[in-house]
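**Q** My questions all concern the structure below.
Listed below in structure tokens is the structure:
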């Protein structure tokens, strides 16, 4: 029987390597091994209790029916208010689109912008879904190599250099996954001006917004009100499994985005939306602030630990919950290092190859989504592993 | 300032007309009007209590984190078991993909199958999202006019007639929206054989499965085990706002679908998945059976009522919760009829133009997602409206 021919885009879309590693980690765990998880891009804190209670109340009240495609007006207004109050930035509630996770926001923004063959400039390394979503809508990711010299972020000069007549958008993430670095606000503003001048879109992934440790929290919207901003309740608000995010888009793009949203999703999860209304309460924000402090302590601890173990961290991670470490003093194949570390020391981390870039095979991503105590134990195990 | 150029696919993707009508209905409601809603494709029954309780338990137990991209193994197994028990059809749990609504299932299936320019044969009229999703992934919907003579369903002969060298898939919905008709199982099997012979995919939308009133419930998988089946917890299980569906796909397509799912969604909603585990309990299934009986009574009532009012229903609706009525004896513009009916009689229905087809401007879709009492009142209002 002939085999069904699958879509051409599948050639360009890769599975995450960390998934095979995660499956193996679970296998080992099932056999009784004590695995230390530093591979997972997910906070280890539970969803704040007020949000959970609001979710339960929604279920009890039968708020389990379709909502408007762009989300419930109360939540769109609450997010706009959060920008006004927290960032002193004016966002019209009509610009706020509630989505099934940041994934949904990325999908809406890219499917609204990209025609087949259109190019998007983005950094390499980057979060892999970004380039995969571009392929999904038949766009062409124009990957720009960045390294420690650029703190793994795009610059205005690099953007201009890689611009073509087909460039329709620039994508930036700040704080970034896997590096935890922030883009320089002046560079970002210059990139935004360039996009505006060339009738292209600036997309900024701010899903780690709030998880930033050395300076005040920020948003690109403060200087680039026309940017498309992708955000999420997953990371800072610790609602991963609820699948809820949002997109801020220029007002004149909203009718197109609404068309796409009603066709692609019908509506975001109703209980998740009602739960998220409790995300901006004073109690919840105070709890999240204490958790942010905890992440900061973990970053400081892990940074010192990895340096002492012989890893090189060429760009100070300032946000998210990742450290992107160069392992070339310890191995010439970081992926094999990760696999062997899991097998013999039961410490799970993510190979740099998931994120791309020419030096990816030298890099490893450590997530500090576990306690300092567990990270200390991981350090001891890694030390023994390196010596063996 | 130059306006951002949006994606070319937006020219082919339309908003639902009923949305404007729904917005107007809500406006009138806010002003104190008593609107009878027969436009909404959503059960008026709340989510069954056991499912709600399972959702609450999941929230209390912190089951609010990412799940595997294809869904939690327990739910994949429960769905496979449901097919075995209820339809006597063998489905490997590995074929079951849990998705964010049937929308997510449609998206995965089409993005896995369609390369740009690939054609999909589907009936006209059809649920509009179907053709829009095809455009989203740069495929070409090949709309085949069907009418009362075909009970608004594709036939094997029509499929062969519209086949081209670029045809990659055939899409069928049974029970169908907006007509409520079923496809003849022999025709469907012939279409499936033809697809198999031509190395193309058969996609069957079974999201109204279970809501069928004149004959035993069925699935295409009984005769076409290679079909892609789109299904949902929204309609029969009355979980619309939870946004949970599933896709059954041939085993050899699953790795591709998993790649797409992990990139497009990361994972379906965790609490919704744990809640859905209670969907197959005896208590819940008994409750759903009583609600199905209720839908059947409503269909019979509405069918008689509309016929008496002068509408023509040329194909007996056998499932879902819609009646597709020809209004040409009453008006020469069904959309205007719907708008005026809402304004002056406060009865909301959906214009056929949302679903396409050459005769669409003569048709109206009535949803029996409200009580017989309310439908009787709607009938009285429509009678007065027609006479005026």
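Chains as they are written, first to last, in my numbering: chain A, 9 to 396; chain B, 9 to 396.
All C-beta atoms, glycine included, are put in the ideal place defined by N, C-alpha and C.
Small disclaimer: the values here were computed from a predicted structure and weren't measured.
What's the C-alpha gap between residue 247 of chain A and residue 393 of chain B?
**A** So the two alpha carbons sit approximately 50 angstroms from each other.
**Q** Answer with yes or no whether the minimum CB distance from residue 64 of chain A to chain B is below 8 angstroms.
**A** Chain B, which has a Cβ nearer than 8 angstroms to the Cβ of residue 64 of chain A, makes this yes.
**Q** Inspect the CB distances between the region 142–151 of chain B and the region 112–127 of chain B and report whether three or more fall short of 8 angstroms.
**A** yes
**Q** Could you pull the start and end residues of the alpha helix (DSSP H) that residue 27 of chain B belongs to?
**A** 25–38
**Q** Between residue 259 of chain A and residue 82 of chain A, which are expected to be in contact by the criterion C-beta below 8 angstroms, what is the C-beta distance as a whole number of angstroms?
**A** Not a contact, Cβ separation roughly 20 angstroms.
**Q** Would you please verify whether the beta carbon of residue 6 of chain B is less than 8 angstroms from any beta carbon of chain A?
**A** Beyond the ends of chain B as shown, which are 9 and 396, falls residue 6 of chain B; an answer cannot be given.
**Q** Do residue 310 of chain B and residue 221 of chain B have their C-beta atoms within less than 8 angstroms of each other?
**A** Not closer than 8 angstroms, so no.
**Q** My guess is that residue 130 of chain B and residue 152 of chain B are in contact by the Cβ rule of under 8 angstroms, so how many angstroms apart are they, rounded?
**A** 7 angstroms
**Q** Beta carbon of residue 291 of chain B, beta carbon of residue 126 of chain B: below 8 angstroms?
**A** no
**Q** State yes or no: is the beta carbon of residue 11 of chain B nearer than 8 angstroms to at least one beta carbon in chain A?
**A** yes
**Q** Measure the Cβ-Cβ separation of residue 234 of chain A and residue 215 of chain A and say whether it is below 8 angstroms.
**A** In this structure, residue 234 of chain A lies away from residue 215 of chain A, with their beta-carbon atoms at least 8 angstroms apart.
**Q** Counting only beta-carbon atoms, is residue 58 of chain B nearer than 8 angstroms to chain A?
**A** No, its Cβ sits nowhere closer than 8 angstroms to a Cβ of chain A.
**Q** So what does residue 334 of chain B bridge to, in DSSP terms?
**A** B:320 and B:371
**Q** Just reading off the beta strand (DSSP E) that residue 153 of chain A is part of, what are its end residues?
**A** 148–153
**Q** Could you tell me the distance, in whole angstroms, from the CA atom of residue 364 of chain B to the CA atom of residue 328 of chain A?
**A** 47 angstroms
**Q** When the Cα of residue 202 of chain A is compared with those of A:105, A:166, A:223 and A:190, which residue comes out closest?
**A** A:166
**Q** Would you check if the distance between the CB atom of residue 160 of chain B and the CB atom of residue 184 of chain B is smaller than 8 angstroms?
**A** yes
**Q** Please look up how many angstroms separate the CB atoms of residue 331 of chain B and residue 349 of chain B, rounded, as I've assumed it's under 8 angstroms.
**A** 15 angstroms between Cβ atoms; not a contact.
**Q** Spell out a yes or no on whether the region 47–54 of chain B and the region 69–81 of chain A are touching, meaning 3 or more CB-CB pairs, one atom from each, closer than 8 angstroms.
**A** Segments in contact, yes.
**Q** Since residue 255 of chain B contacts residue 109 of chain B with CB under 8 angstroms, what's their CB separation in whole angstroms?
**A** In fact, because the Cβ distance is near 11 angstroms, the residues do not count as touching under 8 angstroms.
**Q** Which residues does DSSP pair with residue 360 of chain B in a beta bridge?
**A** For residue 360 of chain B, which the question treats as bridged, DSSP gives no partner whatsoever.
**Q** Could you tell me the distance, in whole angstroms, from the CA atom of residue 95 of chain B to the CA atom of residue 316 of chain B?
**A** 37 angstroms
**Q** Please report whether the beta-carbon of residue 267 of chain B lies at a distance below 8 angstroms from any beta-carbon of chain A.
**A** yes
**Q** Reducing DSSP to helix, strand and coil, say where residue 59 of chain B ends up.
**A** helix
**Q** Can you give me the C-alpha to C-alpha distance between residue 371 of chain B and residue 395 of chain B, rounded to a whole angstrom?
**A** For residue 371 of chain B and residue 395 of chain B, the distance between alpha carbons rounds to 19 angstroms.
**Q** Nearest CA to the CA of residue 325 of chain A: which residue from A:187, A:91 and A:68?
**A** A:187
**Q** Nearest-angstrom Cα distance between residue 77 of chain B and residue 267 of chain B?
**A** 9 angstroms
**Q** Could you pull out every residue in the same chain whose Cβ sits closer than 7 angstroms to the Cβ of residue 124 of chain B, ignoring the five residues on either side in sequence?
**A** 146
**Q** Which same chain residues end up closer than 7 angstroms to residue 299 of chain A when comparing Cβ atoms and leaving out the 5 residues on each side of it in sequence?
**A** 53
**Q** Who pairs with residue 107 of chain A in a beta bridge, going by DSSP?
**A** A:253
**Q** If we ignore side chains and look at the alpha-carbon of each, how far apart do residue 193 of chain A and residue 180 of chain A end up?
**A** Using only the alpha carbons, I get a separation of about 12 angstroms.
**Q** Would you mind sorting residue 195 of chain B into buried or exposed? The rule is 16 or more other CB atoms within 10 Å of its CB.
**A** So residue 195 of chain B counts as buried.
**Q** Would you report the Cα separation of residue 63 of chain B and residue 288 of chain A, rounded to the nearest angstrom?
**A** 23 angstroms
**Q** Could you list the residues in the region 105–129 of chain B with a C-beta less than 7 angstroms from some C-beta on chain A, going in chain order?
**A** 108, 109, 111, 115, 119, 120, 121, 122, 123 and 124
**Q** Let me make sure I understand the geometry here. Which of B:263, B:342 and B:14 has the alpha-carbon closest to that of residue 373 of chain B?
**A** B:342
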